[in-house]
Each structure stands twice: as structure tokens, then as C-alpha cells.
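Protein chains in written order, with full-length UniProt numbering: chain A, 1 to 1071; chain B, 1 to 353.
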């Protein structure tokens, strides 16, 4: 299994704390033993002294008793309350993390979820970050980007531009919407001039929407269903494709022909089938706010009679629905290929051999615009915008014409006019299993091939120019990872044929679509389509798009019957059902006709490069562990700046273990060699990125090769593991965690990241598109990758510092207070008596000094948040110079001992030989201890807010209030240490104040001195460098001013002043 | 959190943008640098110096005389006598002589002191019953078990006041005599009243309700502690209102001293007497001691102390010296810090500008 079950995560700090608590136990035992032995020896000197109560007890036994008495008296030294306090502090830290506005995602209306309450401080110690790719670095919001049908690429320029606009918007601050608006409108204006009106209309609505999104922020999120971001929904159709599709509708409308249509019937059927496949070959559930899901809405009356449509399709089907008939393909086809200049050997000799009359609209269409087409296609390869402009111009023409014909439907259908469409279409919500599916359905909808409803047996689909159709659904062969494809078997609504539509990974579909029966010419056309499509697929992959291929197959009735029998048999069989089903599916999915392919973009989340850069500056090594292909992984690594142009890529792909071992050695020696070279040449510009694939990783993770893999990966700046399984991911994390012994953080969003998240010291789930598994197993769940930056750099840093300081303070507090009682033992015959009232003793730790450390642990900020964000180095610095190290522990212990000595012996010498009673002696000691402990915290605090002040004052006030009331009213309480009258008398005596002042001042002096010396002589290097930068910039500005005065009238100085490119020179001057 | 629930709509879960929740509360940062600490240090040094000097001057004006009378003069005999428990009942008195070079001005306090007597032992401090001495009738004859083994005697008669503290009460008595000349003697009048804390005398220690009976009747059915020679209702033969649990010697003894070497107030010079209105004049004095309290069991010493007090207590040289030392330490630190700041810190200061 990939899941290893949940692991109890305990923070490093707590482990370290445990050893220190053991030290406290040791100290306690030493103290108790001292008292015990001391009491035994002391008792030896006396016989029948007046103060001896149990004269007959032997000194040894009395010593033994005293040991246990002392354990009880000094038990505060064991900071049991510390564990409770730590939990409370962590809860407070979690509260603030949870409430951080920067972790709020308006689109999803989600905050950060803190699921683990006990590892907040580990966020400040991360050294390795393992990240998933899809959905973590990227949006996992699939947006239809471009497609290729019939071997023709439709670049969707407008759509790409729209995506850029979205990105630009997201980068802009919300406050700058006004400038954005103008920019957008400017863009849309230019669009208008470039292309047809409908695309500019959609851009207009887009900008309007984006503004609305900014203002209402998130209303859209409520309205959209799963995987239905606005981004995915609004696909701007490619004008070229729209034009071709409009041929279909116009041809349907005007059977007598139209002058604007310009493409072959075959291509047209390809396109229609392609979009029909996009719309129905999926498991998308349609619902709308008004209608319950799973219901096929009543088919609206088709715009044309069914007969009419049938007629049309029959005409079309001469080319389309049987591949055998393809020999009658029109010459527009060939001419088109010819104009592309790639198949010049292709002959024109085939006459337009169609059996129907010459008035076939599609044919006419193509003939008429043959010349135009050439014009369009030639520049298409060079400059697409021109082509778009031209074709759109033409499209406009056709539109005008159609309008003139008074067919309103066409306008609505083709224009991509959202306003008129909104009332019908926007009610539809698509709920898809995967984001890819949703993207494709939305893409089909943009071309008015709209999936309207779904039931068990049928689908309701709108087709452009036709209207609503009921498609009889015969079978769904769902997606599985072995076949890497899914298919639907439907009865075609128009032709009535049984058609299989298959959608799947490029490699699989291309293989299945290999063989093609038919005439030589048809084969040639087909192989050309294949060739082109493959070319486009490669282009898409290089651009980092996710590719899918769409294919179809027409089944003869008998063929279908045969298959159906087997399928039913497979479905009903009990044994080997899975295998039989697979077999059956594979039998069906053969001899496919390739329709085209789609490219879906999975955009990088916003601020990912910045976040990764900051984390790397902070000394966190970022690894990407993904199941994706190597090319895609490298592409994303490039995009998120993990990979820079100067970096050297080491790829490890090999087939066997021995090869893998050799390869690792080779790479290692290469890296070492390079390092040596760099050391000698002193320019360390390039660093190494290791790219390793799943199979090689499997070998590398084996026991024998682990060592060299570790060594190699540690020398690299980053490691990218592609094609890795969930188990491998967790193994990699485990390897790093256990062998290097560093804090690891794993971030992922899908079920395949669960094991990695569980293994890592800190597991972070991204609540995104892929369900809740990752979130459920994570310690923190965020909604965007960029949140990691603040979570680690600010909250991680703070949490660690706060908790570490709080623990140190807590231990100091206990040791200091308990030692006061211990010193007294030297003056009371080691008998375990105390000079402080029992209740005060209990409440001192529990009430009077318990809240300030909590507040300190929750609210203290050693460095302001913006500084931490600006200087990621601080994160690394605080990790290397840890706060909570044995040295600091012992320094604090030492200080605690010093303070307790002062706090005890100053009052002792002041009162020695006087008539002071035990409690009168304890009173100034306790009071000064309180002040010392509280003021010590003030010194240690980095920030003091009114909350700190309030708590400190309240703590002191509570102590005085309690003690005064207790000694005023409780006449015979707390038997041996009856406080009655003591404190009320003490506060009237000047001696009390004199002692307390002296004690407090003397006890705190060393720490104040140390702090002052430390702060004035030593400030952390990054902070100082930041200051220096500021100074440098300031000096530079001044110098530039001077320079300006001298060279007034020279080139505009402001530009230079703002030019960061000049800064390095200045830096040299300064340093 | 309650507010968050009331909210609805698309931003229901948006955290409040309050300074507290976003950790942007205005904060004072106690960044202790030389710049901020130095003035504070100098000021503190000055204050401590002044206070130290003031205390020193005050202490200089006090006078104190301490006499260890354990084996002094003819008390040696009594000391030897007390070594043997069998002679505990025998009375023994001795006389100590001393002289005062300078007159004690103002109120003079007469203390007795013990050395190496641990009143602060845990078991010893436990062994008392505050409710019995509070005069609660039910507790009088039924002392708390804390008092064991001094709660009841061998016959089971309850002891009042019970416990080890009361049992071990100091029972020497002193008479101070002034010798202005060789022949003339004036007894120095000591006030044996008003020595205790007001709260002790009037609240914490009360006699059992007498109901018009004599004090002796009220204490009937109890017996005196084993080491005592007199019952509790007969402690002060001179002043009948100073008997029982409210006897001031008892009250003072019952407030356990913090350290093994301590002194307890025995009396205050009664300046109503014509010869002592200004305090104790210089000259020769004798103290007649009724030597009862045995100290050899714990290698203890017994002293008497005559002293005048200041506003902050008895003669105490430690506090002024401690203040002066602290003051000079602070000054030293301030100087070190100034030097450090001068040498290194100034760069940092320049950088910020």
C-alpha cells in the first residue's frame, strides 16, 4: 500500500526540551540529596535540643524522610505546567496563523486550516521542501488553450491573450483596478481593430467580469461548480474555427448554398465530430441552480425540423460518417494541403467525385473561397494575427449576410456573445471528475456544442446551427490508468449510426489510430492528418500543455451487436470481470479515426516563482516530486524559476540497477569535478539540477545506491523526480529525513501525495481541485502555494522563536524560584521548611507568573513581519543560530542561579540576626522574585503591546491583592505558614521596600548589561546588510542628485535613479 | 468568533482585519542598546549611591551593645548546672556587668538572642495549634494532632499551649540596673507591654472565654507544657492581663525566627522614668539573669542586645554597604558600556543615519 498510516508528529523542539527536563530532574535530585545528606549530618550534632520534635528518629532515617519532603517542596522545578503552557501557546499561535488575512483565499472563501496543533515551531526549521507539481505549483485549473483538428492547428490567439489578461490582473494589486481597466479596455480596443467584433465583445465582458470579481471577490466562486472557474468557462473561440463551424450552420440554414462557407465537408464533419466528442465523451454531470442534476432537461424545440437536419447530415455524411466514402473527398482538401506547401506531391487528379448534385453547399462553399483560403493559410504559418484578422473579416462578412437573412439564431450561435447567451447557458453547471474533462466540455460549449443534460441512457446536446439533440448513450467505457483513455458508445443523433468516441493520452490514441482502411488517397490524407497532429502534439508538449487526443470510430450494426454480447458477458461475469471488461474495451477501441488533439494549459499559480526564490534564499532546498513526464516537469521547473538558464541539468534515466549505480557515480564525479573547477576559478555561477525519473529513482532508493544518490542530490541545488509513484515520493522524503536528519516539509494536493505528506516532518496539503485526501492527512492545509512563503518565513520563524524563548523563560522561572527555597535549607537544618506561605507557593507558578509567559509565547515578534518577508536569509540565519540550544539553556540556568542567589542572600544579610520571623523574611524575597521574574520578561521581550503591559500589571496586582487579603483575613489558615498579619505589616515598613528595590536591581543587572552589550555591538548580519543596502541606496540617490545638478540637461535623471542596473557599481563603492 | 458565525455571504470565513488578529498591535520594543541603557544606568547608580549614603548615615547614628552571657561571669555556674537535666527545676541566677561609653539616645530596645537555635525546622514549626491559641474552647482541651508529641502528657491531660514551639519557650528573665556611681543603683524600667504586633495581640492570640471565671479556671483540665515551670495563666505575676495565651513573651516566641541566630524583643526602655527620658545614659550597668534556658544541647549561645532603632530597623551595616556596592557596580558597568559604545557602537549609529 502507498499509505503508511498516520504518524504521530512531535516537534524537534519538544524532543530537545525533554532532555532539558531531564536535566531539571537531575538538578532536583541533586538538591534533594544535598538536603537529605545535610539533614542527616546536621542532626548528628544534636541530642535532645529544645527544637527537636522527634528526638528518637535516627539521623539517617530523618535524612531519608527529608529527601521525599524536599521532592515535594521543590517539585515545581519539574516543569509539568510547561507542557500545558506549550500546548496553550501553540494553540494561540495556531489561532493567529488561522486568522492571518494573507492566507485567506477569496475565490474559495477558505482560510488556512491548521490540523496539527503541535508542530507550529517546526515551520521555522524547514530545510527541505518537497513539492508536488500538479495542483501545487500549478492551478490544476485546466484551461482549454488550443486544438488541432483534421491536422489543422487552431492557435486560439484571443484565448491565449485572455489568459495573459487574467494573469496580469492577478498580479496587479486589488487597489489598482482602475489602471487595469484602462489597460484592458485598451487591449480590447486593439483587439477590435484586429479581429472580429464578437471576440472583442467577449473581451469587454471579460474585463468587466474581472472588475466585478475584484469588487465582489468571490461571488463567482459560489456560482461556479466544481472545476468551473471562470477561466475555464470562458473560452474565446478561435475565429478561424468559428468561421468553419459557421459554414455548418449556414449550410444547414441555406441548403441552396452560401458564399461564405469555405471548407470541405470532410473537415467540417471532423470538426463537428470533434466537438461532439468533447461534449459527450466524459462523465460530466450537468446541473443548474434551478434544475436538479441528473435530469435531462426537456429538449427545447429544435430550431429546425429534424427531417431538415437529417437531410443535411445525410449530405454531409457522404464524406463524413463512413471512411469508405472518403474517396470522394473534395479538392478543396487537396488544394488546402497544397497551399500549406507540405504535400506538394499530392495530385489534383481526383475529380470531385461526389454523388450528389453540384449544389452541395459545403462544396460550393469551399470552391468559392478557395483562393481566399490560400491567402489565409499562407500567412497563417507566419503571422497568425494577420490571418485572424483576415479570416475574421471574412467571418464578419458572413455574419452580416446571415443577419441579413434574418436568422437571429446564427448571431447568437456563432458570435460568442455572452450577454445574449447568459440567460440560457450560464445556468448550467458542470461537475466533472477531473479538471481536464471540465475544460474540454467548456471548450465545446464555447463553440456552441453544449452539453445540456445527462441521464443514464441519453445525453442532451446543443449543436451549432441545429439546436438541441438527444444523443442515445449506449455505453461508457470509463477511464482507467492502464488504457489511459475513455470511450463512449452512442447512437449518432442524426445519422443513427453507432459511433465510438474515444479520448485519451496521445501515445495510446496515436497507436490505436494507426491502421486505416480505405482507398490509397484516403489513407494518404489520413496519414497526413496523423503527421500534422503529431507535430502539433510535440509543439504542445514543448509549451508545457497537457495533450489529449480525440478519435472516433463508426461501428456497423452487426459489429456492434457482436461486441455488445461480449461486453454484456463481461459485465455479468463474476470471475475475471475486470480483465474481461478491459479486454472488451480494447476490442472496441481499435481502428480509430483520429479527429484531432487538444492542448490544455495548467497555469502556474500566482507568485510561485517568487515563493520558490524566497525559499531558496532562505536556505530551503526545493525538490519537485511529480508523476508527470520529464519534459513537463522540466518545463514547470523552468517556469517557476527553480531552473535557471545558468543551471546545469543532470538527468538520470537508466534501465538497470548497475547502469544506475554507474550513472550516479559518473554524475557525482562530474559534480565534484565541476566544484573543484569552480573553486579554482572562483566563479560560482552555475549550480546543478538533478532530474531523475521514476525507474531510476527506484534503483537509486535501494540500499546499495542510497548513499551515492544522497550525496549527489545534496550537491544539487534542486532535484526533480518525475514519473514517480506515491510510494517513491514518500521514500525520498523518508530518506532525506532520516539520513540527513533535517526538517522536511512536503506539500501536495492529491491523494498521491498523502504518503509523502505523512512521512514529512511537516505535511502541507493544498486544498484545491483534487479532493480532500491530501488535506485530511496534512498538518496544515493552504489554498495557494504562495502562502508557504509567509507560513514559513514569518509564522515559522515567529513560532520557533516564541516557543523557544518561552520554554527557556519558563525553565529559568522555575529554577530561579525553586532555588530560593533550596538556599533556605542551609539555614533551617535542611529540614525542608519554607519561608513562604504554602498557598502563595502554589499560586506563584500557577497564577501570578503563568500568564505573562503565555502572552510572551503567543505575541512576541523578534523581527517584524515585513522584514522577515523581505529578507528570507533571516530564516536560514535563525535556523543555523538556533535559540534553543544547550548553550542557551545553560546560560539561562546560570542566570537563574545568580538571580536566586541575589534574591535570597540580599534579604538574608539584610535581616540576619534580626528578630524577623520566617514569613517576614519570605515576604520581601517572594515580592522581589515576582518583580525579577516579570521584569526579566520585559527585558527578554522583543515587543511589548498593551496586552503584555496589562498582563504584567495584572499579575503583579493579583499577587499583592491576594497576599494582602490573605494576610488580613485568614486568621488560622495554612497551618505551619500562617500569613496572618505578616504582609499587612510588611508593606508599612520601609525596610521591605529597601530590600525589594536592591534585590530586584541587583538581580537584573547582568542581563540588562548583557542585552545592551549584545544589542549595541552585535546585530544579525542580514539585518545589518539590509541597513547597509538602505544606506547605499540613499547615498546613491544623493550622489545622483549631485550628478544631476552638474549635468543638468543631460538624459532624464529619474530613469537612471530608478534603474536598478546601476546599483551594483554603487555597491562596490560602498563595500 | 461569535461574530464570525453571524456573518454570511461569500466572505463568511474571511478573517477579521483587526490589528490584534493580524498581529499588528502597536508595540513598544524594549531594544536595550547602549543608547537607551546608559542614561538609565547612570541614573540608577546615582539613586543607589544617594540611598546608600543616606542609609549609612542613619546607621552610623545608631548604637547597639551585644552581650553573650552564656558563660559570662558567674553565669558559667548556671551554664554547668543546666547541662544536667535532673537539675532543671533548680533556679539559678547570675549577674552580668557591662558599661556604655556613649549614651543611647531615644528609644532603647532590649532583646534576648539565641544562637544556633533552629526555630525554623519543619517539624518544629508544624508543632503548634493556632486554633488553640486563638482561644477556641473546643480546641483548648483537644489540641490538634500537629502538636504531637506535645499535645497531651503521659496521663492524657491536654497541654495548653500545645506543641514543641510553646514547649521550648525561652524562659530566662532579665532585670537591668543602672549604676550611675559605685554606690548608687537605679533599676532601669523596661516596658514589657506593646512589644507584639497589634494583630497578634488582639486577633491571633486570644484567651479562652472566661465567663467571669478566673483565667486559671478557664484553663482547668489542661496542663502547662512539659518544660515550663509556670502554668500559662500565671506567666506574668506582675500583670494579670498579660497572662494566658496573650502573654507577650509567648506571642513573641511563637513567631518563629527565620534563622537559627535570632533575637527577640524582651522589653523597651520606659522613658517615662525621669532618669531615662533621653535614653540610656553612659555608665555601668548590670543585668540580673534568671538563668533557666539550656543551650548546651545544641551548642547554642545566649545573648542580650541593647539597641536603638532607625526608620528601617535595627543597626544594620549590610544594607547601606550593599547599596553602595551596587551603585558602584552599576557605575562600572555604565563606564564599560560607554567605552564599548564609544568604540564600536558609534558605527552602528552612523549607519542608521
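Note that CB positions come from ideal geometry on N, CA and C, so glycine has one too.
Beta-carbon proximity check, residue i vs residue j, cutoff 9 Å
i	j	result
residue 809 of chain A	residue 892 of chain A	yes
residue 160 of chain B	residue 127 of chain B	no
residue 330 of chain B	residue 89 of chain B	no
residue 1001 of chain A	residue 326 of chain B	yes
residue 256 of chain B	residue 119 of chain B	yes
residue 199 of chain B	residue 985 of chain A	yes
residue 513 of chain A	residue 592 of chain A	yes
residue 764 of chain A	residue 748 of chain A	yes
residue 100 of chain A	residue 15 of chain B	yes
residue 176 of chain B	residue 252 of chain B	no
Proximal chain A residues relative to residue i, where beta-carbon distance stays under 7 Å
i	result
residue 30 of chain B	938, 939, 941 and 944
residue 59 of chain B	By Cβ distance, chain A contributes nothing, its closest Cβ being about 12 Å from residue 59 of chain B, past 7 Å.
residue 119 of chain B	51
Proximal chain B residues relative to residue i, where beta-carbon distance stays under 8 Å
i	result
residue 861 of chain A	23 and 27
residue 104 of chain A	13, 14 and 15
residue 587 of chain A	Going along chain B, no residue has its Cβ under 8 Å from residue 587 of chain A, so there is no contact; the nearest lies around 50 Å.
Nearest-angstrom Cβ-Cβ length linking residue i and residue j, presumed shorter than 8 Å
i	j	result
residue 147 of chain A	residue 596 of chain A	6 Å
residue 315 of chain B	residue 62 of chain B	4 Å
residue 303 of chain B	residue 66 of chain B	6 Å
residue 630 of chain A	residue 723 of chain A	7 Å
residue 458 of chain A	residue 470 of chain A	5 Å
residue 721 of chain A	residue 757 of chain A	Actually they do not touch by this definition, with Cβ atoms about 16 Å apart.
Proximity winner among the options, relative to residue i (alpha-carbon distances)
i	options	result
residue 625 of chain A	A:451, A:972 and A:130	A:130
residue 979 of chain A	A:60, A:838 and A:590	A:838
residue 905 of chain A	A:575, A:826 and A:466	A:826
residue 864 of chain A	A:798, A:106 and A:268	A:798
residue 206 of chain B	B:232, B:187, B:191 and B:184	B:232
residue 824 of chain A	A:689, A:73, A:550 and A:622	A:73
residue 529 of chain A	A:545, A:549, A:441 and A:542	A:549
residue 343 of chain B	A:1017, A:1039 and A:1046	A:1017
residue 43 of chain A	A:572, A:61, A:479 and A:991	A:61
residue 128 of chain A	A:455, A:612, A:867 and A:811	A:612
Where residue i sits in the DSSP three-state scheme
i	result
residue 179 of chain B	strand
residue 188 of chain A	In this prediction, residue 188 of chain A has a pLDDT of 37, which is less than 50 and means its spatial position is unreliable; what the coordinates show is noted afterwards. Note: residue 188 of chain A maps to helix in three-state DSSP.
residue 48 of chain A	coil
residue 523 of chain A	helix
residue 651 of chain A	strand
residue 455 of chain A	coil
residue 136 of chain A	coil
residue 612 of chain A	helix
Under 8 Å from the C-beta of residue i: neighbouring residues of chain A
i	result
residue 333 of chain B	1005 and 1009
Within chain B, partners of residue i - CB distance below 9 Å
i	result
residue 947 of chain A	20 and 25
residue 980 of chain A	130, 199, 200, 203 and 204
Interface partners of residue i on chain B, CB under 7 Å
i	result
residue 47 of chain A	297
residue 867 of chain A	Those within 7 Å of residue 867 of chain A in chain B number zero; the least Cβ separation is about 12 Å.
Proximity test, residue i beta-carbon vs the ligand ZN heavy atom, cut-off 8 Å
i	result
residue 929 of chain A	What this structure holds is no ligand at all, so the ligand ZN is not there to describe.
Under 9 Å from the C-beta of residue i: neighbouring residues of chain A
i	result
residue 164 of chain B	50, 51, 52 and 53
residue 171 of chain B	The contacting residues do not exist; residue 171 of chain B stays about 10 Å from chain A at best.
Relative to chain C, which residues along the stretch 816-835 of chain A have a C-beta separation below 9 Å, given in chain order?
Within the model displayed, chain C is absent; protein chains A and B are what it includes.
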